[in-house]
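What follows is one structure encoded as structure tokens, with my remarks underneath.
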Amino acid sequence: MSKGDNNEDLTIGERVRLARQRRGLSRRAVAELAGRTEEWLRQIETGERPIQRIDTLQLLARVLKVRDISELTGSLFVMTKDGSRPQHGRLAAVRRALRPHLSDTTTPSPDLAALRRSIQHADTAWLVSRQQITALGLVLPELLSAAIAAQQSATGQQRREALRLLVEVYRLTDNYLRHAGDRQLAAQVCDRMLLAAQEADDPELISLSAYKVAAAAQNNDEPEEALTLAMDAVKLFRPWLTSGDHEALALWGSLHLCASTSAARLRRGAEADRLWSIADEAAKALGPNYHHPATIFGQLNCGIHAVDIALETGRSSDAVERSANLNVSAVPSASRRARHFIDLARAFYHCRDRAAAVGALLTAERQSTEVVTFNQGARRLMYDLLRAKRPEPEVLALAGRMHVIA
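All residue numbers for the sequence shown refer to the numbering used here, where the first residue is 157 and numbers rise by one.
Here you go:
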């Protein structure tokens, strides 16, 4: 990572060097502890080798006994110019990578197998890391450049594969942008994703992209538009269900979940419950342990959405009751678990159970420190908690970690 938008910021390499020197360790000692070469560490410290993966940061943090990787990355939390909402510090770099680029016909086509492996690493980091926003922010600029270049230069069957990979990179980019503070750009990326999927002529990716487009509308506070888009996609992809494909059924269910939560935000509770029931039937047909790799659709995710629907339709006590029997720890996505506990904290707060609300918010932080920091619902709830005459010490501490207070 190069120096950020503020030229006075230290690079990651400089922060690694300073952390090493504070511990009184030589480059050789740190390199041996990390199982790498001294030259590898030298290149990192001088900026010749940018760190592109979260697991590399985590390795160095362990070796250097750094508790929080933000000590190596610097503050990746910034406020918008008007101070109204938080943004991630890598957002500018991702925006730059999304700008149109002229294709260079003299540049060899990227290795598609290597690109797929990089996408898989990023996908895993997104699912399991507590700093998944940073994990994607570090790698997305390079992934986007490689995927766009591959799509522009590949021909024949390779071009179709390159388009599929571009769709996957756009999916990860949407994940990053909607959490990092630019939901409008996330919606544009979802549109690009759908166009690429259609050009690849891949029914599964087209269906996934249609789901993403509808979800983007919902994330941008356009529930009516989201409901229409999701149900239009359901009609379009109904014939695909006859294939008996699990992914087809899961995406069918995902579209119904998106439609159900959109109806809930429109305060159309009966319609939301009906659409949720269709999704739940699909989830049951897939079995108790199924989770779609991209949408996390499955029985547990349906249960989580039932909590969300109750909350959005003003039934906070029902939301708390529905959450009681959910084994949320089995959900394979840390960000999804965190968002559920944020919703549960809101439900507890509406039920005037302050202690349970604080406990749920702290549980959300244990799932993902970054999702809690950047989630607008979590931040609004924290402001409410801070309005008490004497906020609890744990509330003040969490507010500090969320950058709500200094």
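The beta carbon of each residue, even a glycine, is placed where N, CA and C say it ideally should be.
Asked                                                                                                                    : Found
Spatially closest choice to Asn-376 from Ala-366, Ala-342, Glu-201 and Cys-507, by CA coordinates                        : Ala-342
Per-residue DSSP class, three states only, for Met-558                                                                   : coil
Member of Ser-479, Val-345 and Leu-321 whose CA lies at the smallest distance from the CA of Thr-329                     : Val-345
Coil, strand or helix - Val-325 by DSSP                                                                                  : helix
Cβ neighbours of Glu-380 in the same chain (closer than 8 Å, five flanking residues each side left out)                  : Ser-418 and Leu-422
Check whether Gly-203 and Arg-246 have beta carbons under 7 Å apart                                                      : no
Pro-256 (DSSP reduced to helix, strand or coil)                                                                          : coil
Inter-residue Cα distance where the pair is Leu-517 and Ala-534                                                          : 8 Å
Residues near Arg-198 in its chain [Cβ-Cβ closer than 7 Å; skip 5 each side]                                             : Arg-183
Rounded C-alpha distance that separates Glu-477 from Tyr-539                                                             : 25 Å
Per-residue DSSP class, three states only, for Val-234                                                                   : strand
Exposure of Asn-531, with buried meaning 16 or more beta-carbon neighbours within 10 Å                                   : buried
Beta-carbon proximity check, Leu-542 vs Ala-503, cutoff 7 Å                                                              : no
Neighbourhood of Trp-432 by C-beta distance below 8 Å, restricted to the same chain and skipping five residues each side : His-412, Leu-413, Ser-416, Cys-458, His-461, Ala-462 and Ile-465
Euclidean distance between Cα positions of Arg-510 and Ala-501                                                           : 9 Å
Beta strand (DSSP E) segment containing Pro-242, residue limits                                                          : 242-244
Integer Cβ distance of Arg-348 from Val-295, believed to fall under 8 Å                                                  : About 18 Å separates the two Cβ atoms, so there is no contact after all.
Proximity to Ala-513 [Cα-Cα], best of Val-527, Ser-472 and Ala-336                                                       : Ser-472
Within 7 Å, strictly: CB atoms of Ala-386 and Ala-406                                                                    : no
C-alpha distance - Ala-435 paired with Ala-428, whole-angstrom precision                                                 : 11 Å
Cα-Cα separation between Ala-475 and His-448, rounded to whole angstroms                                                 : 24 Å
Euclidean distance between Cα positions of Arg-176 and Val-186                                                           : 7 Å
Residues of its chain near Glu-324, where Cβ-Cβ distance is below 7 Å and the 5 sequence neighbours each way are ignored : Ile-275
Lys-221 classed as buried or exposed, judged by whether at least 16 other C-beta atoms fall within 10 angstroms          : exposed
Residue interval of the alpha helix (DSSP H) (run including Leu-431)                                                     : 425-442
Beta-carbon gap between Ile-225 and Leu-215 smaller than 7 Å                                                             : no
Exposure label - Ser-399; buried when at least 16 CB within 10 Å                                                         : exposed
Distance between beta carbons of Gln-455 and Ala-490, contact taken as under 8 Å                                         : Not really, about 19 Å apart at Cβ, beyond 8 Å.
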